[in-house]
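Have a look at the structure below before the remarks.
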Amino acid sequence: MRSLAAVRRSISIVVPSLDDSFLLSRVGIDAISMQCSFLADFAVLRQVDTAGAYLATNGELHDVYPVGVQILVGRQQCNLARETMFSTPKGTDPVAIDLGSMGKGQAWVNGHLIGRYWSLVAPESGCSSSCYYPGAYNERKCQSNCGMPTQNWYHIPREWLKESDNLLVLFEETGGDPSLISLEAHYAKTVCSRISENYYPPLSAWSHLSSGRASVNAATPELRLQCDDGHVISEITFASYGTPSGGCLNFSKGNCHASSTLDLVTEACVGNTKCAISVSNDVFGDPCRGVLKDLAVEAKCSPPSTTKEPRGNLSGT
């Protein structure tokens, strides 16, 4: 492992004094050599009292100890700093680090503090399998991820990163498993929408008269999907024109459903960054006369692997 002489730092800790005020004591960090690669293996930096930190008169008598010294009676926590090197994920997507396997501490990337992490676990109960968003809000409405850490991912601005040899340093207070830390370039992997045939058409269909009053051209409402820049719609995972129920990631077909919906939406959208589909019987036919119909679509976005010649938007004639 490379020398840490260039990155050695003195850190300050606050310890109580006898009159209930506080002292700032400087404590250095020494390296223990270990092999390290990517994020699975960390070099461990043990805090030792190399700066002759002054703790307080009779500090030992009053249970005031130097950080890093493991005292077996009532003082078994030993704070650790850990470091590793990593390369930046390719592309321009936002980069995040998963610290869900760690306990409590702070993280630095190339000398920049990305924040304090604390993987508190949410209560096991209180979540529901479905959610109805309209209506009055309260703190228990639409809760999810019960029994999971309240936060896993922490954003790392790409401006802080180099192509390779990025230094990650963690100051861990309670323990954890650094072998499970991972990096990921984030983008919208799923896009979805649900539009009714009685909705207004998009703003592009509106025109303004000379009097200044807005009117609507003879146009139908549209369902529009769009992936992040540099990504394309790779698969339509759900499509139904009729009376679908549920919401994004939880759509299901209703009693009224146009069987051609999936094929038509796939043809219009897959391979493109974005697509627009008219919500109209002219496109899908009328699967149930006299019933107000919706179009619900859910799609996956992926980095482009093959180039498809873009097709026109799907609209009625």
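The opening position of the sequence shown corresponds to residue 1 in the UniProt record's numbering, with each subsequent residue numbered one higher.
Yeah, the Cβ is synthetic: ideal placement off N, Cα and C, and Gly gets one too.
Remember, predicted model here, so these are calculated numbers, not experimental data.
DSSP state of residue i mapped onto helix, strand, coil
i	result
L292	coil
S204	helix
E222	strand
E197	coil
K90	coil
K189	coil
L99	coil
Cβ neighbour criterion (16 or more within 10 Å) applied to residue i
i	result
V191	buried
G175	exposed
Y132	exposed
V90	A small fix is needed here, since residue 90 is Lys in this sequence, not Val. Counting Cβ neighbours within 10 Å, K90 comes out exposed, since fewer than 16 surround it.
R116	exposed
W108	buried
H155	exposed
E172	buried
P244	buried
G100	buried
P178	buried
L113	exposed
F86	buried
A268	buried
F38	For F38, the predicted structure reports a pLDDT of 33, less than 50, and the residue's modelled location is therefore unreliable. The matter cannot be settled from this model.
L225	buried
L180	exposed
Option in the options with minimal Cα separation from residue i
i	options	result
S240	G230, H257 and H231	H257
residue 333	D228, E172 and I97	As displayed, the chain neither begins before 1 nor continues past 317, which places residue 333 out of reach and without an answer.
E235	D228, S204, Y200 and K189	K189
D165	T84, G271, D282 and A268	T84
T92	G230, A268 and K104	G230
A81	L170, S302 and A268	L170
G290	H186, N281 and L167	N281
G105	S119, E163 and P94	S119
D286	L113, T261 and H186	T261
E163	T88, P304, L264 and C275	T88
P94	W206, M102 and Y187	Y187
P304	P221, V283 and K274	K274
P134	L168, K253 and G246	G246
P221	Y199, V265 and D228	Y199
Same chain, Cβ closer than 7 Å to residue i, five either side skipped, listed in chain order
i	result
A122	N145, C146, G147, M148 and T150
C288	G242 and C256
S302	H231, V232 and S234
Contacts around residue i, its chain only, beta-carbon distance under 6 Å, and the 5 residues preceding and following it disregarded
i	result
L295	I195, L223, Y241 and V279
E248	Note on identity: in this sequence residue 248 is Cys, with Glu being the wrong assignment. So the qualifying residues of the chain are C192.
C142	C131
V270	I233
E197	V279 and K293
Residues of its chain near residue i, where Cβ-Cβ distance is below 8 Å and the 5 sequence neighbours each way are ignored
i	result
E298	T190, V191, C192, I236, T237, F238, A239, C248, L249 and F251
S204	none
Discussion item. Could you tell me which whole beta strand (DSSP E) segments of length 3 or greater appear in the region 109-181?
Written reply: 112-118, 153-156 and 166-172, all fully within the region 109-181.
Discussion item. Give the list of continuous alpha helix (DSSP H) stretches no shorter than 4 residues that lie fully inside the region 229-301.
Written reply: 261-269 and 281-284
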